[in-house]
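Peer 1: Per this note's numbering, residue 9 is the first one in the sequence shown, and the count goes up by one each step.
One structure is given below, represented as structure tokens, and several questions about it will come after.
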Amino acid sequence: MDRKSSIKKNKYFPRRIDKNTPIIYGTHAVTAALSNPNRQNLKLVATSEALKRLLNGPIEWSSKPRKALEDARIVKQNELSDFLPTDSNHQGLLLYSSPLEQPSLESTLHKIDNSSAPLVILDQIKDPRNVGAIMRSASVMGAKAIIIQSRHSPSVTGALAKAASGALETLPLIQVTNLVRAIDKVKDAGYWIVGLDTRASNSIEKAFVNSPIAIILGSEENGLRRLTTERCDILAVIPTTQFNKYGTEINLNVSNAAAVALYQNKILQKI
């Protein structure tokens, strides 16, 4: 039987999706989500070309994702774009899924016993692409979890999942009500708290010690808040050329800064 003939045109999709709808789009993000056995209620919208890539690719799909592939709603490229916010690079794939169940901070701190695996704490970083990119770097660099505040943080969907490029499926994203109290719990668990601050006097390579590390990053607009700063054991800066030839101050994007700090920690843990 031809695979294409088994594809059903179901009508369970709304005409448009807002930023809070639990969806995932893009090749890497959708492939990772389909491969995650913890994902539930999978419903796929795809162009015929993108669906063929998944069906005929190297992955041997288990029964649950294969059913989602076979039940996919086929649409044209421009029709799929109409589902999504402007400029979403969907690559012909959009997946509905129930949100992943995330662990609590307490259970995560209890399970973490590898001192070289850092925690990453985000202080009101609201751009979903930045949070997703930080998750991608954190996953590659062996971080154990990302901690964000449930308010003043982006929805765990869409652009965040796309930028995370699959990291959302493997790296715990812990949402807490009170970030300052969460940092206190992390400190009580024995973590050395490193806050990144462009005004700090300590260079990043001097910030890490031989103990479990938590790295805190603030928003690009406001940096770390006062109460967050007060919880840090050390504030550190990534040395850069801070002014361009016109005298304008320049800094690393927060996701780039996270990648540099995570790499620096990884290098120092090996020494």
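The beta carbon of each residue, even a glycine, is placed where N, CA and C say it ideally should be.
1. Taking just the CA atoms, how far does Cys240 sit from Glu57?
2. Report the three-state DSSP secondary structure of Asp92 (helix, strand or coil).
3. Let me know the secondary structure DSSP gives Leu260 once reduced to three states.
4. Would you mind stating whether Ile133 and Ser227 have Cβ atoms separated by less than 8 Å?
5. Given 8 Å as the limit, is there contact between the region 44-60 and the region 71-87, that is, 3 or more CB pairs closer than that?
6. Rounded to a whole number of angstroms, what is the C-alpha to C-alpha distance between Ile246 and Asn86?
7. Give every residue of the same chain whose Cβ lies closer than 6 Å to the Cβ of Ala171, excluding the five residues on either side of it in the sequence, and list them in chain order.
8. Identify, in the order they occur along the chain, each residue of the same chain with its Cβ nearer than 6 Å to the Cβ of Pro30, setting aside the five sequence neighbours on each side.
9. Compare the C-alpha of Leu127 against each of Asn252, Ala222, Gln272, Lys274 and name the closest.
10. Determine the direct distance from the alpha carbon of Lys274 to that of Lys193, and round the result to whole angstroms.
11. Check the C-beta distance from Ser96 over to Tyr33 and give it rounded, since I have them as a contact under 8 Å.
12. Give me the Cα-Cα distance between Pro45 and Glu68, rounded to the nearest whole angstrom.
13. Going by Cα to Cα distance, which pick from Leu92, Ser71, Leu260, Ser43 is closest to Ala167?
14. On a CA-only basis, which of Leu88, Gly150, Arg189 is nearest Gln157? Give me that one, please.
15. Rounded to a whole number of angstroms, what is the C-alpha to C-alpha distance between Ala269 and Thr237?
16. Over the uninterrupted beta strand (DSSP E) stretch that includes Ile182, give me the two end residues.
17. Going by Cα to Cα distance, which pick from Ala265, Asn186, Val262, Pro180 is closest to Pro111?
18. Could you compute how far the alpha carbon of Asn64 sits from the alpha carbon of His160?
19. Of the choices Thr185, Val184, Ala169, Asn186, whose alpha-carbon is the least far from that of Thr178?
20. Using three-state DSSP, classify Asp131 as helix, strand or coil.
21. State buried or exposed for Lys72, treating a residue as buried only when at least 16 other CB atoms are found within 10 Å of its CB.
Peer 2: Per the coordinate set shown:
1. Residue mapping note: residue 57 aligns to position 49 of the sequence shown, counting from 1. Residue mapping note: residue 240 aligns to position 232 of the sequence shown, counting from 1. Computed Cα separation, rounded: 50 Å.
2. As a first step, residue 92 must be located in the sequence shown, where it is residue number 84. It should be pointed out that residue 92 corresponds to Leu in this sequence rather than to Asp. Three-state DSSP puts Leu92 in coil, outside helix and strand.
3. For this step, residue 260 is matched to residue 252 along the sequence shown. It is coil, neither helix nor strand.
4. As a position in the sequence shown, residue 133 is number 125, starting the count at 1. As a position in the sequence shown, residue 227 is number 219, starting the count at 1. A contact, by the Cβ cut-off of 8 Å.
5. yes
6. As a first step, residue 246 must be located in the sequence shown, where it is residue number 238. As a first step, residue 86 must be located in the sequence shown, where it is residue number 78. Answer to the nearest angstrom: the Cα atoms are 43 Å apart.
7. Taking the sequence shown and counting its residues from 1, one reaches residue 171 at position 163. Non-local C-beta neighbours of Ala171 in its own chain, meaning closer than 6 Å and more than five positions away in sequence, comprise Arg137, Gly140, Ala141, ordered along the chain.
8. Numbered from 1 along the sequence shown, position 22 holds the residue referred to as residue 30. Counting only Cβ-Cβ distances below 6 Å, and skipping sequence neighbours, we find Pro107, Thr165.
9. In the sequence shown, residue 127 corresponds to position 119, counting from 1. It is Ala222.
10. Within the sequence shown, the letter at position 185 stands for residue 193. Within the sequence shown, the letter at position 266 stands for residue 274. So the two alpha carbons sit approximately 23 Å from each other.
11. Locating residue 96 in the sequence shown gives position 88, where the first residue counts as 1. Locating residue 33 in the sequence shown gives position 25, where the first residue counts as 1. Indeed they touch by this definition, with Cβ atoms about 6 Å apart.
12. On the sequence shown, residue 45 is found 37 positions in, with the first residue counted as 1. On the sequence shown, residue 68 is found 60 positions in, with the first residue counted as 1. Each residue's alpha carbon lies about 13 Å from the other.
13. Start at 1 with the first residue of the sequence shown, and residue 167 comes out as number 159. Among Leu92, Ser71, Leu260, Ser43, the Cα nearest to that of Ala167 is on Leu92.
14. Indexing the sequence shown from 1 puts residue 157 at position 149. When only C-alpha atoms are compared, the closest one is Arg189.
15. Numbered from 1 along the sequence shown, position 261 holds the residue referred to as residue 269. Numbered from 1 along the sequence shown, position 229 holds the residue referred to as residue 237. Their backbone Cα atoms lie some 17 Å apart in a straight line.
16. Position 174 of the sequence shown, counted from the start, is the residue given in the question as residue 182. Note, Ile182: beta strand (DSSP E), 181-184.
17. Position 103 of the sequence shown, counting from 1, holds the residue named residue 111. Pro111 has its Cα closest to that of Pro180, out of Ala265, Asn186, Val262, Pro180.
18. Position 56 of the sequence shown, counting from 1, holds the residue named residue 64. Position 152 of the sequence shown, counting from 1, holds the residue named residue 160. Asn64 and His160: Cα-Cα distance of roughly 41 Å.
19. Locating residue 178 in the sequence shown gives position 170, where the first residue counts as 1. Thr178 has its Cα closest to that of Ala169, out of Thr185, Val184, Ala169, Asn186.
20. For the purposes of this step, residue 131 is taken as the residue at position 123 of the sequence shown. Strand, per DSSP.
21. Here the question's residue 72 lines up with position 64 in the sequence shown. Burial state of Lys72 is exposed, judged by a 10 Å Cβ sphere holding fewer than 16 other Cβ atoms.
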